[in-house]
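Visitor:
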Amino acid sequence: MEKLQTFDSLVSKNDFVIKFANVNGSGSASANQLFAKAVFRMGIPVSPKNIFPSNIQGLPTWFEIRINKDGYLGSKGSVDLSVAMNPQSYNQDVEELNSGGYLLYDSSWKRNFYRDDINVIEIPLTSLCVESFTNAKQRALFKNIAYVGALSVLLDMEYEIFEELISEQFASKKNLIEPNLKALNIGRDYVLNNLPYPIGLTLERMDKNDGKILISGNEAAGLGAVYGGATICAWYPITPSTSLAEGFEKYAKKFRVDEKTGKNLYASVQAEDELSAIGMAIGANWNGARSFTATSGPGISLMSEFLGLAYFAEVPVVVFDVQRGGPSTGMPTKTQQSDILACAYASHGDTKHVMLLPEDPKECFEFSAMAFDLADRLQTPVFVVTDLDMGMNDWVVDELEWDDSRKFDRGKVLDFEALEKMEEKFGRYHDVDGDGICYRTYPGAHPSKGAYFTRGTSHDEYARYSEDGEINATNLRRLVQKFKTASELVPDPEIILSDKKNCSGVIYYGSTSAAMLEARDMLKEEGIELDLMRVKAFPFNLDVWDFIEKHDYVYVVEQNRDSQMRTLLMAEGGISAEKLRSLVWFNGQPIEANFIAKKIREREPEKI
Amino acid sequence: MTYIQKPINHHPNLKKNKLGLTRRDYEGAVSSLCAGCGHDSISAAIIDACFELNIEAYKVAKLSGIGCSSKAPAYFLNDSHGFNSVHGRMPSIATGASCANDDLLYIGVSGDGDSASIGMGQFVHAIRRQVDMTYIVENNGTYGLTKGQFSATNDKDSPNKYGEENPFPPVDLTALAIQLGASYVARSFSGDRDQLVPLIMGAFQHKGFALLDIISPCVTFNNHDASTKSYDHIREHNDALGKVDFVPLGREIIANYEEGETVEVNLHDGSKMSLEKLDNSYDPTDANLALNTVREKNDEGKVATGLLYIDTKAPDLYETLNAIDKPLNTLNEKELCPGSDKLKTINQGLN
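Sequence lines, in order, name chains A and B.
Those letters in the first sequence? Residues 1 to 608, by our numbering.
Those letters in the second sequence? Residues 609 to 959, by our numbering.
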């Protein structure tokens, strides 16, 4: 007998959140990605986020997909449809489902769920796959494709897109197309023959993704390094940065192999640890090749000594820090923005470093290429600070662009001709131009001119060891001058002013953008207007100080416990603590608009 | 004054090499090491080797870590670029630098603290990867700059200058290097220039990782009577496996050995190492024999010196990476940047 429904089922077109609950290592990620890509192909804004454990096989893992017709793609923090494929996490999955939401589970083993305000969709996926496939591995793997097939009917999606995606995915392994389509149809047919469809949540084609691509920040940054002319990648595996080095290699293999000889126009070395990785990158840059390393928080800690050397000896190097949850080993598979201070002031002694803070994979590409120019120009380490959320998840962004007239800026390098013409004695640390940046030479440039001794010990203008405190102080002051020059070269902040005067300001950076912009719109509807400033780089330039100056209060929204960006602003600009209001989120999940809006809403009346 | 430039005046009749350079042209700044330090003799031997091989100094990169030994690169080859990096991390600098430009000669100078303790990890991995470089360990069994602590190559029970005995066994860097596949492994003594110079010349011409473990007594902290790394001890216990001569490319071998068998090894560039075997059973191309010999001599209380092991066929890192012949640091935008058309194709694959 059919139960009488006592609640309202959720009804929404192109605006809901699906969460897949799977067992790690069961092959679910590629099926979930297939689903996300299908939504993308239907022209609907989508943001898939892999919420995975530090584990190879067995632990629960989730994949959350937000679909939003208005293009709000930050994490939402609530679930409308749960595809619960992991009995281990049933309780949690059922609990977090919105009232009126939908729970799809594998009913090969039937069970009752304690909530009476949700729709339970039963599909005996395991049984269906056991009937249709003989191989044990296939039975397990294709269960994932089968639920994607079921969803395609339940959500009223275009079947052709799935056919197209599967043929593209297996273009080089054609024998896999047929069984994948078969699995897809197992799910589809079951729904078509046994269940009411579509459910209240549906997808309808839009045109929002014209000119857009779906790419992860790590892949984009790796590609940016290829475009930026990096030739040597030295890296050590660490989540969540590993796929950045792999991204570089993937594209280098494609574009950097000499057709005639089959030899590589790049080198990628997997180091024995992070200390070695940064050492190799510094050694290569010292020798005039663009080189980088990619790491995460623990790697930054290990690289710190070398980073001080590169700062003080003035060797360019690009370091990608794909931040994860800290401190210590922390939450290796969760996201945070908690390395801001560790990067800004990495290493002992008075050190300061340039940081670029991309907001999405598109900027990961752009800032990656830019970082090599800046590092060469400034002869210092440049960090590209991203995070797990944008690094490992595929984001919908505008197509990547490249201006072919662009030239690499190799900075102040004296080559053979320049040295030949030079009459005065070459001084490696001689500030000829007054901008704090000196001229350097590559080893082997000239038979008798330009050689110098690079060292981490105190040195004079000619790179000679000196224990004279005044000489060292002068050199340290010049490095401050150089940092000032850096502030003029790094990208300006993005400032979005409200029409209203005298509203509070907000500073944010990195992957917080999506949630921040959504929160801004939510608050605007309530009458709370905000001026926004997205900081794109450190050192801060005059625009940053000007924005703070012009506001009575500025919220600093970030994904760490200690308000690290706020600390940096206070330390570098002498801004008072009262003026900068800390708004932090550090639970390892991507920051949510509701949270930001709530926190600002709570404090805004103080002003009115 | 912390840096002393040597006066440039020298005797007008000094011997010149094929480049028209004298030995003095290969010198560096005045050494600030202790008078009598073995390291200064090694610097002099490096200068000799460069002079003899007609090496152009600007095509050499001198790399080091931290410690007394790591200061040494400032004291030879003024016209070479140098990089005094951080403690124990010279091998990674060398690895990156050699990937960037395979055309330079990389001379790494390290010490026993720098290589056998803090830098052990980087040392072994640079060997595993067969970085094309000459890696010199100026081995004195002690931490000089911090005033006389035991290092990891100090022999067990060997006392420090206060008479305290070292409770731990030493790391034998040569045995380690042979085991890890270094393709040129030699041990020598800073006080034996006749043996040392040809070994350095051979290392410079060798393609791949060449380790020179050079016992280099610390006159201030570890040259006392009971030390096993003192001048006297090494002179007494030095057991040379063969007399070594280096024959540069194109030069005839002068048969100056009267007795014993002479073996020639062809190096990468066509030059030769000529080894007069004192012990007829010794074959430096046999890794197992090399390992056993090092160990046996050690058990006998002797220090095996000479060319312990050589493999002229092993591919170096640059070759393993299959990198193009043209140095990577010379490539320009056109060669490196795929351009906007390719990016369009990439975009198409991502939508």
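Glycine included, every Cβ here is placed at the ideal spot set by N, Cα and C.
Keep in mind that this is a model prediction, so the values were computed, not measured.
Cβ closer than 8 Å: which chain B residues qualify as neighbours of Ile-213 of chain A?
Guide: Those within 8 Å of Ile-213 of chain A in chain B are Asn-955, Leu-958, Asn-959.
Visitor: Are the beta-carbon atoms belonging to Gly-571 of chain B and Ile-735 of chain B less than 8 Å from one another?
Guide: This structure cannot speak to residue 571 of chain B, because chain B is shown only from 609 to 959.
Visitor: Less than 8 Å separating the beta-carbons of Ala-665 of chain B and Ser-688 of chain B?
Guide: Yes; because the gap between Cβ atoms is below 8 Å, this pair is in contact.
Visitor: Measuring straight from C-alpha to C-alpha, what distance separates Ala-277 of chain A and His-733 of chain B?
Guide: Going from the Cα of Ala-277 of chain A to the Cα of His-733 of chain B covers about 12 Å.
Visitor: What are the partner residues of Pro-767 of chain B, as DSSP defines its beta bridges?
Guide: Per DSSP, B:Glu-773.
Visitor: With the cut-off set at 8 Å, would you say Ile-842 of chain B and Ile-822 of chain B are in Cβ contact?
Guide: Going by C-beta atoms, Ile-842 of chain B is not nearer than 8 Å to Ile-822 of chain B.
Visitor: So, with DSSP's three-state summary, where would you put Cys-233 of chain A?
Guide: If DSSP states are grouped into helix, strand and coil, Cys-233 of chain A belongs with the strands.
Visitor: Is DSSP giving Gly-914 of chain B helix, strand or coil here?
Guide: In the structure shown, Gly-914 of chain B sits in a strand (DSSP, three-state: E or B).
Visitor: In the DSSP assignment, find the beta strand (DSSP E) that holds Glu-558 of chain A and state where it starts and stops.
Guide: 554 to 558 is the extent of the beta strand (DSSP E) around Glu-558 of chain A.
Visitor: Can you tell me where the alpha helix (DSSP H) holding Ile-177 of chain A begins and where it ends?
Guide: First-last of the alpha helix (DSSP H) with Ile-177 of chain A: 177 to 194.
Visitor: Have a look at A:Lys-37, A:Lys-484, A:Pro-361, A:Phe-142 and flag the residue whose alpha-carbon is nearest the alpha-carbon of Gly-391 of chain A.
Guide: If we check each option's Cα against that of Gly-391 of chain A, A:Pro-361 comes out closest.
Visitor: Counting only C-beta atoms, is Arg-377 of chain A closer than 8 Å to chain B at any point?
Guide: Taking Cβ atoms only, chain B never reaches closer than 8 Å to Arg-377 of chain A, which makes this a no.
Visitor: Given that Ser-448 of chain A touches chain B, what residues does it touch there, using C-beta distances under 8 Å?
Guide: Tyr-666, Asp-687, listed in chain order.
Visitor: Mind checking whether Ser-296 of chain A and Ser-368 of chain A have CB atoms under 8 Å apart?
Guide: Cβ atoms of Ser-296 of chain A and Ser-368 of chain A: not closer than 8 Å.
Visitor: Check whether the Cβ of Arg-455 of chain A lies closer than 8 Å to any Cβ atom in chain B.
Guide: Yes, Arg-455 of chain A lies at the interface with chain B (some Cβ there is under 8 Å from its Cβ).
Visitor: Tell me which residues of the region 265 to 282 of chain A have at least one Cβ-Cβ distance to chain C shorter than 9 Å, keeping chain order.
Guide: Of the protein chains in this structure, namely A and B, none is chain C.
Visitor: Indicate whether at least one CB of chain B lies closer than 8 Å to the CB of Ile-232 of chain A.
Guide: It does: the Cβ of Ile-232 of chain A has a partner Cβ on chain B nearer than 8 Å.
Visitor: Using C-beta distances below 7 Å, list every residue in its chain close to Asp-949 of chain B, excluding the 5 sequence neighbours before and after it, in chain order.
Guide: Nothing meets the Cβ criterion.
Visitor: If you draw a straight line from the alpha carbon of Lys-609 of chain A to that of Arg-256 of chain A, how long is it in whole angstroms?
Guide: No information on residue 609 of chain A is available, as it lies outside the stretch 1 to 608 that chain A covers here.
Visitor: Give the residues of chain B in contact with Asp-404 of chain A, contact being defined as C-beta atoms less than 8 Å apart.
Guide: Chain B residues near Asp-404 of chain A: Gly-947, Ser-948.
Visitor: Is Trp-286 of chain A close to chain B, meaning its C-beta is less than 8 Å from at least one C-beta of that chain?
Guide: Chain B, which has a Cβ nearer than 8 Å to the Cβ of Trp-286 of chain A, makes this yes.
Visitor: Could you check which residue in A:Ser-458, A:Val-480, A:Leu-479, A:Gln-481 has the C-alpha nearest to that of Ile-471 of chain A?
Guide: Measuring from the Cα of Ile-471 of chain A, the nearest candidate turns out to be A:Ser-458.
Visitor: For a test of the three-state rule: what should DSSP assign to Lys-143 of chain A, helix, strand or coil?
Guide: Three-state result, Lys-143 of chain A: helix.
Visitor: Using Cβ-Cβ distances below 9 Å, what residues of the region 671 to 701 of chain B are close to chain A?
Guide: For the region 671 to 701 of chain B, which is checked against every Cβ of chain A, the residues closer than 9 Å are Leu-671, Ile-674, Lys-679, Pro-681, Ala-682, Leu-685, Asn-686, Asp-687, Ser-688, His-689, Gly-690, Phe-691, Asn-692, Ser-693, Val-694, His-695, Gly-696, Arg-697, Met-698, Pro-699, Ser-700, Ile-701.
Visitor: What residues in its chain sit with their C-beta under 6 Å from that of Ala-898 of chain B, if we drop five residues either side in the sequence?
Guide: Taken in chain order, the residues that qualify are Ile-786, Leu-916, Tyr-917.
Visitor: Give me the Cα-Cα distance between His-695 of chain B and Gly-308 of chain A, rounded to the nearest whole angstrom.
Guide: Whole-angstrom Cα-Cα distance: 13 Å.
Visitor: Can you tell me where the beta strand (DSSP E) holding Val-413 of chain A begins and where it ends?
Guide: First-last for Val-413 of chain A: undefined, no H or E at that position.
Visitor: Determine which residues of the region 699 to 729 of chain B have a Cβ less than 9 Å from any Cβ of chain A, and write them out in chain order.
Guide: Residues Pro-699, Ser-700, Ile-701, Ala-702, Thr-703, Gly-704, Ala-705, Ser-706, Cys-707, Ala-708, Asn-709, Asp-711, Leu-712, Gly-729.
Visitor: Once the 5 residues before and after Ser-651 of chain B are set aside, which same chain residues still bring their CB inside 8 Å of it?
Guide: Answer for Ser-651 of chain B: Gly-636, Ser-639, Ala-680, Tyr-683, Phe-684, listed in chain order.
Visitor: Taking only three categories from DSSP, how would you classify Arg-210 of chain A?
Guide: In the sequence as displayed, the identity of residue 210 of chain A is Asp instead of Arg. In the structure shown, Asp-210 of chain A sits in coil (DSSP, three-state: anything other than H, G, I, E or B).
Visitor: Report yes if the C-beta of Val-130 of chain A is less than 7 Å from at least one heavy atom of the ligand PLP; otherwise report no.
Guide: With respect to the ligand PLP, the structure shown offers nothing to examine, as it has no ligands at all.
Visitor: Counting only beta-carbon atoms, is Tyr-173 of chain A nearer than 8 Å to chain B?
Guide: Per the sequence shown, residue 173 of chain A should be read as Lys rather than Tyr. No, because no Cβ of chain B sits closer than 8 Å to the Cβ of Lys-173 of chain A.
Visitor: Would you tell me roughly how many angstroms separate the C-alpha atoms of Asn-587 of chain A and Leu-820 of chain B, rounded to the nearest one?
Guide: Their backbone Cα atoms lie some 53 Å apart in a straight line.
Visitor: Compute the Euclidean distance between the alpha carbons of Asp-531 of chain A and Leu-925 of chain B, then round it to the nearest angstrom.
Guide: Taking the straight line from one Cα to the other gives about 54 Å.
Visitor: In chain A, what lies closer than 7 Å to Ala-931 of chain B by C-beta?
Guide: Result: Lys-263, Asn-264, Ala-267.
Visitor: Tyr-311 of chain A CB to nearest chain B CB: under 8 Å?
Guide: It does not: the Cβ of Tyr-311 of chain A has no partner Cβ on chain B nearer than 8 Å.
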